[in-house]
Structure formats: C-alpha cells, structure tokens
Amino acid sequence: MVTASHHRCPTLFYTSQVRLLCRTKSSNSTPILGLSTSPAPTGSSGGPAMVSVPSCANYCLFLPSRVPHSYLDNKAFQNLPKYAKTWHGKLEPFEITNSYSLFRTMTGVGGRPEIIVEGHPSDRAAADGWRTYEFLYKPGNVSDMPAVVAPHQPRLDWQMWFAALGNYQNNPWFLHLVYRLLQGEPDVLELLSQRNPPFPAHGSPPMYIRATLYHYHFTNQKDCAGSKKKCNWWKREKKAEYLPALALTDKSFVDYLKQAKLITNEKSKPFRADNWLAKFVMWSRDTIGQPEGFNFTFSMFCSAILAMFLNRAIF
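Mapped onto our numbering, the consecutive letters of the sequence shown carry residue numbers 45 to 359.
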C-alpha cells in the first residue's frame, strides 16, 4: 500500500498511484503486489480467485476510506452505511486511511470572515470620522474586485484571514500591528495598500485604532437586479467588535506588548535581503509605485519572454 502525507496533495492522487501499481507489471513480467490483470492460464483452478480476492481487498480498503472523506459534508456522512463507520473505527488505530489535506474542512460557509481595521485622527474618538486601512489583497472595500494572488503569497493578508477565524487574544502579532500603525511606522505601512492611504507615512498617525469583524459574500444577479448603479463585488454584514479602540496612551495595551516581548527599547531594523534581486525589486517599487504581486510577477515573466524573443531575432 502506498501512503503519503503531504499538505496539499489530495488523496485521489495517491489512490490513482496505487491503482496504477496494481495494474502494472514490472520489466521481468512479475506482477507488482502479486496482482495481475492478464487472464489466468487455461485450466488453472485459481482463475476466479485471482479476480475475486483483489476485488474484495480493494472494496475492504475503499469503503472505510470513504468515512474520513465524508467529514466534509454532514449529509454524505449520514448516508454512509453503519458497518462502514464501524469498520473505519476498528481500522483507524492502524492509520490505513486518512483524509490528507492541510485544510480538510474549509471555512467560508456563512460568509468569509474579514477584519476591518480603522483609525481615528482625533484624541476623542467619535462615532464618525473613522478611516479604513485597505490591504493589498484581502477583501475590504466592497466595490474592489478580488485580486489575483498566485503565484505570490501575501503573508500579512494571509495571517489576517487566520486572525479573523479567532480573536486578538490568540493573535498577539495583530496587537503589534496595531501598535505600529498607531506609531505610523513607514515599514509597516508599506505592507498595506498605498492607494488613498487613510494616514500617509509622512503625515500624522491615528490617535485610535479599532477593528470590526465582518462577513463578506459575493454579490449575485438578484442583488444587482433593477439597480442602475454599478454593482459592488461584495456585500458584507457586521458581526462583532473584534478589537476595541486602542491608543498609545493605553498602559495595559503597551505593557502587554512589552511582556510578550513584541516591543523592546532597542530600535529594530526591518530585514532586507542584500542581493541583486531584492535591490531590483525595491528599485522597481520605488520607481513605479506599489504593484500587486501578480501584476509584478506577470510583468517580469513577459519581460523575460520578450528578452528571449529579441535575443533570437537579433542574434
């Protein structure tokens, strides 16, 4: 039996490998795993057994493997026969079957949770006047089209999604992000969208920052039917307060970050790779602004193809 545990490879891939091995002969015509698809010799008494035994073995392994896969859908799990669940329970200690995946059960049912971070310029935070920080890739403004990410992996936006699945108490790095935004740290602001920033890097930072949890849904035709205005990409609903309004003057807030060693008296410098590629990327960003990861990668790919084409055409 071929087994593997890779974060992003579906079990179907390995199941196909096993089936291929069971149906393939080696170079010396010896059947792999003792299973042969060639017809049994004439007069052989083991002909039916060579077919029935592997079939029964395949069924005995396939049926229990359906149980962990059905965890994705409660209805599918309820429809499985009772003896299959009992069988799987007895075989589970041997780890013969499993549902391999980094995220076996995906989130998103009932809306995509998103954290909206807002800052207020006044030392007396009122109900209005809050300005929203926009991120480069994750949903925020309901009128913004979803960004194409692959093959780029945005670290901050990715972590914001994980933070939205829990609370700020379990994500102390989020409090550190809020602290740096309250300071107006330029290196941190570079990680956010620079299109109409609420508090520019060289301006006055906010006095307060708060965070609210929303659930985002894609709009559909019914939402846009009969509307003469441009339809938004998203619709959202407010769920709860994620983080109350905090300021640098909140002693408990700052003390917690110091206790967690997220801030120290020493001035830390951001890590910058000292190689030609990193310098080229930083030069490009300083020259043309802040391109999205996909657009930058795609432009570099097209430039490389064009250079290869011109090289062949000229030389």
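Heads up, the beta-carbon is just placed ideally off N, CA and C, and yes, glycines get one too.
Residue 216 has its alpha-carbon roughly 11 Å from the corresponding atom of residue 303. When the Cα atoms are used, residue 318 and residue 324 turn out to be separated by approximately 10 Å. Looking at the backbone, the Cα of residue 135 and that of residue 101 are separated by about 14 Å.
Take the alpha-carbon of residue 183 and the one of residue 292: they are about 27 Å apart. Counting along the chain, no beta strand (DSSP E) covers residue 236, and no H or E run does either. Of 132, 124 and 178, the smallest CA-CA separation from residue 187 is found for 178. Residue 139 sits exposed, since fewer than 16 C-beta atoms from the chains shown fall within 10 Å of its C-beta. Counting the other CB atoms within 10 Å of its CB gives residue 162 a total of 16 or more, which places it among the buried residues. In the assembly as shown, residue 230 is an exposed residue. Its beta-carbon has fewer than 16 other beta-carbons within 10 Å. Rounded to whole angstroms, the separation of the alpha carbons of residue 114 and residue 104 is 17 Å. Under the three-state reduction of DSSP output, residue 136 falls in the helix class.
For residue 200, no beta strand (DSSP E) segment is defined; the enclosing uninterrupted segment is the alpha helix (DSSP H) at 199 to 208. The Cβ atoms of residue 281 and residue 246 do not sit closer than 7 Å to each other.
Shortest Cα-Cα distance from residue 109 to any of 119, 130 and 257 involves 130. Contact between residue 212 and residue 206 does not hold, since their C-beta atoms are separated by about 12 Å, which reaches or exceeds 8 Å. Around the beta-carbon of residue 221, 16 or more other beta-carbon atoms lie within 10 Å, marking it buried. Restricting attention to 283, 261 and 180, the CA atom closest to the CA of residue 339 is found in 180. Our two residues, residue 159 and residue 354, have alpha carbons roughly 47 Å apart in a direct line. Straight through space, the alpha carbons of residue 195 and residue 345 are spaced by roughly 12 Å. Judged by beta-carbon spacing, residue 257 lies within the 7 Å limit of residue 286, meaning their Cβ atoms are closer than that value. When secondary structure is reduced to three states using DSSP, residue 289 falls in the strand class.
Residue 265 holds the alpha-carbon nearest to the alpha-carbon of residue 279 among 265, 290, 111 and 289. In this structure, DSSP gives residue 124 a state outside helix and strand, which the three-state scheme calls coil. The shortest C-alpha to C-alpha distance from residue 227 to any of 123, 290, 341 and 142 is the one to 290.
DSSP places residue 327 within a helical segment (H, G or I) once states are collapsed to three. Burial check for residue 253: the Cβ neighbour count within 10 Å reaches 16 or more, so the residue is buried.
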